[in-house]
Every structure is written in C-alpha cells, then in structure tokens.
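*Asks:*
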Amino acid sequence: MSSVLQIKRVNKAFGGLMALSDISFDVNEGELCGLIGPNGAGKTTLFNVISGLYTPTSGSITLSNQSSKVISGLAPYKITQLGLARTFQNIRLFKEMTVLDNIKVAMHSQIQTSLLDTLIRTPQYRKEEARIESEALTFLKSVKLDHLAQKKASSLPYGQQRQLEIARALATQAKILLLDEPAAGMNPQETEDLAQFIKKIHQEKGLTILLIEHDMNLIMSITSRIIVLDYGKVIANDVPEKIKTNPRVIEAYLGEEREEHVEGQ
Ligand SMILES: Nc1ncnc2c1ncn2[C@@H]1O[C@H](COP(=O)(O)OP(=O)(O)O)[C@@H](O)[C@H]1O
Ligand SMILES: [Mg+2]
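As numbered in the working numbering, residues 187 to 451 make up the sequence shown, in order.
1) Between residue 231 and ligand 1, is the CB less than 7 Å from at least one heavy atom?
2) Return the chain-ordered ranges of every alpha helix (DSSP H) run that is complete within the stretch 228 to 264 and spans a minimum of 4 residues.
3) With burial defined as no fewer than 16 other Cβ atoms inside 10 Å of the residue's Cβ, what is the status of residue 309: buried or exposed?
4) So which of 431, 428, 420 and 424 has the shortest CA-CA distance to residue 224?
5) Relative to the C-alpha of residue 327, which candidate in 353, 342, 348 and 338 has its C-alpha closest?
6) Note the first and the last residue of the continuous alpha helix (DSSP H) segment covering residue 287.
7) To the nearest angstrom, how far is it from the Cα of residue 429 to the Cα of residue 422?
8) Out of 243, 257 and 221, which one is the CA nearest neighbour of residue 191?
9) For residue 275, verify whether its CB is less than 7 Å away from any heavy atom of ligand 2.
10) Check this for me: beta carbons of residue 196 and residue 203, under 8 Å apart or not?
11) Measuring CA to CA, which of 214, 222, 200 and 317 is closest to residue 438?
12) Do you know how far the Cα of residue 398 is from the Cα of residue 346?
13) With three or more C-beta pairs closer than 8 Å as the rule, is the stretch 280 to 292 touching the stretch 246 to 264?
14) Using beta-carbon positions only, say whether residue 237 and residue 272 come within less than 8 Å of one another.
15) Going by beta carbon distance, what residues of the same chain come within less than 7 Å of residue 379, once the five residues before and after it are set aside?
16) Taking 7 Å as the cut-off, does the CB of residue 401 come closer than this to any heavy atom belonging to ligand 2?
17) For a quick check, are the C-beta atoms of residue 360 and residue 270 less than 8 Å apart?
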C-alpha cells in the first residue's frame with residue numbers, strides 16, 4: 187500500500203493554545219480512515235491545515251497521489267487542483283442554485299475557455315458549457331442524485347444536502363476527500379443512508395477518505411483504521427476493534443462525558 191497523504195510533525199498554535207501538537211501520520215491510497223476525538227481535540231483544525239485554510243506553525247504535509255508535493259502553505263484552490271477536497275462541519279452549498287448548478291460550479295476549475303469567450307459567448311464557450319452540463323449530469327447519475335438535478339439545493343431534505351455537498355467536493359475530480367462530521371444532526375435513517383453513500387463512492391470511485399465523525403457506530407462500521415486526537419495530540423492510530431478497547435481512548439471520551447455532565451448541571 188502506498189501512502190498518498192503524509193502529515194509530518196505538524197503543529198498549529200493559536201496564540202498560546204497548541205491546537206495541534208506534533209501530529210504525524212500517513213493515509214494510504216484507497217483507505218477509508220476515521221479521525222475521532224472529543225470536542226475541541228483539534229480535528230477540524232487538522233482539516234483546515236491539510237486543506238490550506240490554515241498554514242501549520244511548523245511541520246509539513248505532502249500529497250503523493252500524482253508526484254510527491256509539499257502542500258502545506260499552498261492556497262486551498264491549488265490543493266483542490268492537486269486532488270484533495272473537503273466538506274465542512276456546517277453545510278456550505280449554494281442554496282439558491284439547483285443541484286446541477288452546484289455541481290457545475292465545482293467543475294468550473296476545468297473549464298477551458300478564456301474570459302473573452304465567456305464575455306461574448308463564443309461558440310467555443312457554448313460548446314464548453316454544453317460539455318460541462320452533460321458531464322455534471324453524468325456525474326450526478328454516478329452518485330445517484332440525478333433525479334434531483336433541477337431541484338433547488340435549499341429544498342432538499344438535510345440528508346440529501348449532505349450527500350450533495352460530498353458529491354460537489356468529488357466533482358472537482360478529487361481523489362482524496364476530507365469529510366468533517368457529515369452525519370452531524372442526522373436521524374438514524376439518514377445516518378445509515380449516508381454510511382451507504384460514503385461506502386459506495388469510496389469503492390466505486392477508488393477514493394481515499396479521511397472521515398471525522400462523532401457517530402461511533404458509523405465510524406466503526408465503515409473505516410478500516412482510526413486515528414484518535416485528544417488535546418491536539420495523536421493518542422491512538424489503530425484498527426477499529428483495537429480502538430474500542432484502547433484505555434487512553436476510553437479515558438479521553440470519559441473525560442468528555444464528565445465535562446458535559448458538569449456543563450449540564
Ligand atoms: N481560528 C481559531 N482561533 C483560535 N482558536 C481556535 C481556532 N480554531 C480552533 N481553535 C481552537 O482549537 C481547538 C481545537 O478546535 P477544533 O479543531 O475545532 O476541534 P474539534 O474539531 O476536534 O472539535 C479548540 O480549543 C478551539 O477553540
Ligand atoms: Mg470540529
């Protein structure tokens with residue numbers, strides 16, 4: 187198995203707070219890897235650092251899907267062009283646009299026309315538009331969302347909005363996907379549908395996925411390895427069966443429950 191994402195000794199400080207300390211791990215090609223940890227552990231910060239929203243205070247992140255390239259410090263859109271895309275903890279869709287248009291926007295980075303073509307709507311531009319429309323539809327079919335193509339994104343039920351968001355990330359042609367708590371706020375049926383959706387795109391599209399999720403059943407049932415963060419550090423990196431019984435992991439989650447209990451009083 188070859189590794190496609192290498193995180194080496196990454197630190198991220200916010201003022202005096204070390205949100206990430208000395209994080210190192212690799213993700214292998216084709217893996218569906220979980221990233222878990224109590225609230226505030228640094229999971230989203232790590233995604234922000236990998237996807238280029240934040241620059242690490244120190245350390246490096248390398249993508250080796252095509253050629254090996256250090257991506258830490260690059261702009262987010264450059265990292266997306268190199269094949270890595272993400273979704274956010276809160277849904278970020280173009281809500282007033284149709285499902286199809288949301289996908290077309292994501293494909294926009296591959297449009298081959300010049301600004302002049304666009305302004306005067308040359309035949310070249312129209313040809314390109316038609317090609318993108320048909321590719322967007324084919325893509326929607328491949329993720330079984332084509333029946334929703336003309337629906338406004340905001341009119342979809344929550345579970346389908348989440349699926350659309352994942353589809354849109356994929357439409358950039360990314361092969362490495364970072365999903366930040368996609369099941370947050372879902373009922374058990376939506377969570378189950380989402381698990382099937384993630385499993386399916388993972389297999390059929392040959393993706394490498396790093397998945398942050400609080401729903402333990404979901405994470406345990408679909409990942410082959412889980413990395414656990416606590417207070418910005420990796421405290422475990424193992425197969426799901428071993429994570430379940432790892433004393434440090436149990437302790438970290440018990441700590442969280444205690445805090446919630448105190449907060450709830
Ligand atoms: N932009 C920021 N500025 C300051 N502190 C931040 C910022 N982003 C995250 N943090 C802090 O970093 C820690 C990790 O947060 P986060 O990565 O969101 O955790 P998680 O996603 O695991 O719940 C928290 O203490 C949070 O308050
Ligand atoms: Mg988070």
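Yeah, the Cβ is synthetic: ideal placement off N, Cα and C, and Gly gets one too. This structure is a prediction, so every number in the text was calculated from the model and none was measured.
*Replies:* Working from what's here:
1) yes
2) 229 to 236
3) exposed
4) The shortest C-alpha separation from residue 224 is found at 420.
5) 353
6) 285 to 293
7) 7 Å
8) 257
9) yes
10) no
11) 222
12) 19 Å
13) no
14) yes
15) 345
16) no
17) With contacts defined as CB atoms closer than 8 Å, residue 360 and residue 270 qualify as a contacting pair.
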